[in-house]
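Novice:
Residue numbers (my numbering), protein chains in the order written: chain A, 752 to 915; chain B, 68 to 635.
Have a look at this one:
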């Protein structure tokens, strides 16, 4: 009997306290979380933007190399485009994954994206690397130019299909 | 992938206090007998040994040292890697000696045995005597890999052991003993593969050391299995663990090393999880390039400009990724001209449920991944593969392939539906005109042994002209596979220290062997150039190419013998 009374008293105190706090989360904490959410979402957009910039830079460097007939350099940039950057970028991607950040978590679960990749899909990566091999195996400049043109198309399609 | 639970478990591990470790310093420990597979032994197996025959002779030749690697349960990834072996003629008597690197044994949260490395001297009849104490090479750090080189240019092979902790350099004194410098070059942490090679062409041997993850002994001792794997809890990683950077040390002469990673262009930008390393001239330009097998990340291919500056070109060389553009779990790397086109090809072992990648060299440092058409993709998909070597094991004139296997999760043995086992059978592939056929079942009792193998080194330990294999195993003694295969041809072993390449022309065929340092997994193989030649009576022309570009040519060289060619 005494124990029941004690339980009721505790529940009442807790209930009154909650009511006194407005039965809600403190507004400053909500506002802070809201700001953090803005930051997280902005970071995701910024991540997309920087990867798009990395891709654009490799495409542009590759294009210049191709125009100058520097085919090894063009191939290198194609491969780096496929990999969404060089090994330094790979290291950052690895660090993000270590921290639990997967930009395309849903796409990864469906096998569409490699872990940590933002824009380049598994299929686009494979296609780009195949074109690298095609360019390097080409017998003449016409074939190399054709491989580059295919790659440029792939870039356009991949970037256009990427989430904005 | 990293889960919140895993991250918490990791944080908890790292925050755990240091417990005093009770340490037993010991040499070789227990001798767990190998487990024969169902295919092993018996008349049926013997009847199948037509082409190859290998027998495990470790015990009978006196090699009984158990190599430890943590706990039986392997709750930390550090306990997965095992250790390596080196075949090296340390005393210059013409017979290959054996150096076995050893790790530590842990029970609960205590180190209960610091396994000591062991040097076995070849008595000349293929049996070995433990000379560790006399030679002074019995380091009891937690050993991983071993590299053989000549740090001071005195012509005597020195040893370098990568440890979990401070690595060790043993400089050969030429009198059967080694000197241990107090402050050797190296990575303090989990160092893995290492290789000595003259990167900058100045005549002395520089050192490249690979590393895996950042980890402390405290992490290892307090680790708990937190990763869900087929219904079992197993060790966590490497995903979610911080990588440790590989380093390069330039030899300033006389064995004085300075850290020169950035200067050489060898910065490990991704801090990938590196294991096997090999130095070889991949593009035929007369200098040594570098290949690094990375676990769960693209492999590195560093092209040397001839002056010791490297450009990493793995991604666009075609030699860094799997056939679908995916990063695999690189463990070991073999180098050899498996298709006889004169260019060194690469073979990289990977994790279970993934295939071993064979990269055909197209020239110009470009590669095409050909595992499926070559025949090794399917047989290598199920096992977890580590050490890998090419060698003409039947002397028929082409390079065969040997792969050491063993899982990292002991829980595989007790998990229903795991579909695999901790101890696994190694694999032997016979080269049939550039196609590699799995002949493991027909290769004698030595290939039916089930162990959790890691490294493999290849060399002629009994001086009979064919190649034998030494395999390191986790928590078990090494396996020594004596080659008792029927001979399919003549042989020639060329001892040409410092040579870049040796080409033999015989019977209308051309056989090329490149100088390879490192390779396999944490191991060092016989540095001599071994040729199986098929049915020929002599080598018409033997051409040795030196780093300077100079060539030494010998004609009408008798076969079935060892030949020494001195640098001009």
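Don't be surprised by glycine CBs; every beta carbon is placed ideally from N, CA and C.
Using DSSP bridges, identify the partner residues of residue 420/B.
Specialist: As a first step, residue 420/B is located in the second chain; it is residue number 353 there, counting from the start. Answer by DSSP bridge pairing: none, since residue 420/B is not bridged.
Novice: Should the stretch 542-559 of chain B be called in touch with the stretch 447-464 of chain B, which here means at least 3 C-beta pairs below 8 Å?
Specialist: A contact exists between the stretch 542-559 of chain B and the stretch 447-464 of chain B.
Novice: Would you decide whether residue 525/B is buried or exposed? Buried here means 16 or more other CB atoms lie within 10 Å of its CB.
Specialist: Taking the second chain and counting its residues from 1, the one referred to as residue 525/B is at position 458. Classification of residue 525/B: buried, given that the 10 Å Cβ count is 16 or more.
Novice: Tell me whether residue 509/B sits in a helix, a strand or coil according to DSSP, three-state version.
Specialist: Within the second chain, the letter at position 442 stands for residue 509/B. Residue state, collapsed to three classes: helix.
Novice: Taking the alpha-carbon positions, what's the residue 758/A to residue 774/A distance?
Specialist: Within the first chain, residue 758/A is the residue found at index 7, counting from 1. Within the first chain, residue 774/A is the residue found at index 23, counting from 1. Summary for residue 758/A: the model assigns pLDDT 49, below 50, so the residue's position carries little reliability; its value from the coordinates is reported in the next sentence. Each residue's alpha carbon lies about 21 Å from the other.
Novice: I want to see whether chain B comes within less than 7 Å of residue 917/A, judged by CB atoms only; does it?
Specialist: Outside the displayed range of chain A (752 to 915) lies residue 917/A, so it cannot be described from this structure.
Novice: Rounding to the nearest angstrom, what Cα-Cα distance links residue 443/B and residue 451/B in this structure?
Specialist: For the purposes of this step, residue 443/B is taken as residue 376 along the second chain, with counting starting at 1. For the purposes of this step, residue 451/B is taken as residue 384 along the second chain, with counting starting at 1. Each residue's alpha carbon lies about 14 Å from the other.
Novice: Which residues, in order along the stretch 597-619 of chain B, keep a beta-carbon less than 8 Å from a beta-carbon of chain A?
Specialist: none
Novice: Does the CB of residue 257/B have a neighbour CB from chain A at under 7 Å?
Specialist: Within the second chain, residue 257/B is the residue found at index 190, counting from 1. Closer than 7 Å: no.
Novice: Could you tell me whether any Cβ in chain A is nearer than 7 Å to the Cβ of residue 260/B?
Specialist: The count along the second chain starts at 1 and reaches residue 260/B at position 193. For residue 260/B, the answer is no, since every Cβ of chain A falls outside 7 Å of its Cβ.
Novice: Please classify residue 794/A as buried or exposed, where buried requires at least 16 neighbouring CB atoms within 10 angstroms.
Specialist: As a working mapping, residue 794/A is identified with position 43 in the first chain. Under this definition residue 794/A is an exposed residue.
Novice: Which value, in whole angstroms, describes the spacing of the CA atoms of residue 22/B and residue 229/B?
Specialist: The requested residue 22/B is not part of the displayed model; chain B covers only 68 to 635.
Novice: Since residue 343/B meets chain A, which of its residues come closer than 9 Å, beta carbon to beta carbon?
Specialist: Within the second chain, the letter at position 276 stands for residue 343/B. Residues of chain A passing the Cβ test: none, with the nearest at roughly 18 Å.
Novice: Closer than 9 Å, Cβ to any Cβ of chain B: which residues of the stretch 827-847 of chain A, in chain order?
Specialist: 827, 828, 829, 830, 831, 833, 834, 837, 838, 839, 840, 841, 842, 843, 844, 845, 846
Novice: Determine the closest residue to residue 287/B out of 398/B, 523/B, 147/B, 415/B, with distance taken between C-alpha atoms.
Specialist: Walking along the second chain from the start, residue 287/B turns up at place 220. Cα-wise, what sits closest to residue 287/B is 147/B.
Novice: What residue range does the alpha helix (DSSP H) around residue 200/B cover?
Specialist: Residue numbering aside, residue 200/B sits at position 133 when the second chain is read from its first letter. First-last of the alpha helix (DSSP H) with residue 200/B: 199-202.
Novice: Taking only three categories from DSSP, how would you classify residue 778/A?
Specialist: Within the first chain, numbered from 1, the residue matching residue 778/A stands at position 27. The answer is helix: DSSP assigns residue 778/A an H, G or I state.
Novice: How about residue 337/B and residue 838/A: are their beta carbons less than 7 Å apart?
Specialist: Sequence index remark: in the second chain, residue 337/B carries index 270 (1-based). Sequence index remark: in the first chain, residue 838/A carries index 87 (1-based). Contact: yes.
Novice: Which value, in whole angstroms, describes the spacing of the CA atoms of residue 256/B and residue 885/A?
Specialist: Locating residue 256/B in the second chain gives position 189, where the first residue counts as 1. Locating residue 885/A in the first chain gives position 134, where the first residue counts as 1. Their Cα atoms are separated by approximately 42 Å.
Novice: Is any beta-carbon of chain A found at less than 7 Å from that of residue 466/B?
Specialist: Sequence index remark: in the second chain, residue 466/B carries index 399 (1-based). Cβ-Cβ to chain A under 7 Å: no for residue 466/B.
Novice: Thinking residue 342/B and residue 588/B are a contact (beta carbons under 8 Å), I'd like their distance in whole angstroms, please.
Specialist: By 1-based counting over the second chain, the position of residue 342/B is 275. By 1-based counting over the second chain, the position of residue 588/B is 521. About 6 Å separates the two Cβ atoms, so the contact holds.
Novice: Taking 7 Å as the CB-CB limit, is residue 349/B close to chain A?
Specialist: Here the question's residue 349/B lines up with position 282 in the second chain. It does not: the Cβ of residue 349/B has no partner Cβ on chain A nearer than 7 Å.
Novice: Compute the distance between the beta-carbons of residue 239/B and residue 223/B, then report whether it is under 7 Å.
Specialist: Residue 239/B sits at position 172 when you count from the first residue of the second chain. Residue 223/B sits at position 156 when you count from the first residue of the second chain. Yes, the Cβ-Cβ distance between residue 239/B and residue 223/B is below 7 Å.
Novice: Taking the straight line between their C-alpha atoms, what separation do you get for residue 601/B and residue 558/B?
Specialist: The residue you call residue 601/B lines up with position 534 of the second chain. The residue you call residue 558/B lines up with position 491 of the second chain. Answer to the nearest angstrom: the Cα atoms are 8 Å apart.
Novice: Could you check which residue in 453/B, 481/B, 464/B, 484/B has the C-alpha nearest to that of residue 473/B?
Specialist: For the purposes of this step, residue 473/B is identified with residue 406 of the second chain, where counting begins at 1. Checking every option, the nearest Cα to that of residue 473/B belongs to 453/B.
Novice: Counting only Cβ-Cβ distances shorter than 8 Å, please list the residues of the stretch 352-377 of chain B near chain A, keeping chain order.
Specialist: Taking 8 Å as the Cβ-Cβ cut-off against chain A, the residues of the stretch 352-377 of chain B that qualify are 364, 365, 367.
Novice: As a quick exercise: from 318/B, 340/B, 376/B, 561/B, pick the residue whose alpha carbon is nearest that of residue 620/B.
Specialist: Residue 620/B sits at position 553 when you count from the first residue of the second chain. Ranking 318/B, 340/B, 376/B, 561/B by Cα distance to residue 620/B puts 561/B first.
Novice: Beta strand (DSSP E) containing residue 414/B: first to last residue?
Specialist: As a working mapping, residue 414/B is identified with position 347 in the second chain. Looking at the DSSP string, the run of the beta strand (DSSP E) that includes residue 414/B is 412-415.
Novice: Can you tell me whether residue 379/B is helix, strand or coil according to DSSP?
Specialist: On the second chain, residue 379/B is found 312 positions in, with the first residue counted as 1. Residue 379/B: strand per DSSP, three-state reduction.
Novice: For residue 795/A, does the three-state DSSP call read helix, strand or coil?
Specialist: Locating residue 795/A in the first chain gives position 44, counting from the first residue. Looking at residue 795/A - three-state DSSP - the assignment turns out to be helix.
Novice: Would you mind sorting residue 497/B into buried or exposed? The rule is 16 or more other CB atoms within 10 Å of its CB.
Specialist: Taking the first residue of the second chain as position 1, residue 497/B is located at position 430. Buried, by the Cβ-count rule.
Novice: Looking at the C-beta of residue 302/B, does it have a partner C-beta in chain A at a distance below 7 Å?
Specialist: Numbered from 1 along the second chain, position 235 holds the residue referred to as residue 302/B. Residue 302/B does not count as touching chain A.
Novice: Once DSSP output is grouped into helix, strand and coil, what is the label at residue 840/A?
Specialist: Taking the first chain and counting its residues from 1, one reaches residue 840/A at position 89. Note: residue 840/A maps to helix in three-state DSSP.
Novice: Can you have a look at residue 427/B and say buried or exposed, based on whether 16 or more other CB atoms are within 10 angstroms of its CB?
Specialist: For the purposes of this step, residue 427/B is taken as residue 360 along the second chain, with counting starting at 1. By the 10 Å Cβ count, residue 427/B comes out buried.
Novice: Which residue's Cα is closest to the Cα of residue 384/B: 183/B, 118/B, 365/B?
Specialist: Position 317 of the second chain, counted from the first residue, corresponds to residue 384/B. Relative to the Cα of residue 384/B, the nearest Cα in the group 183/B, 118/B, 365/B belongs to 365/B.
Novice: If you follow the beta strand (DSSP E) that residue 171/B is in, where does it begin and where does it stop?
Specialist: For this step, residue 171/B is matched to residue 104 along the second chain. 171-174 is the extent of the beta strand (DSSP E) around residue 171/B.
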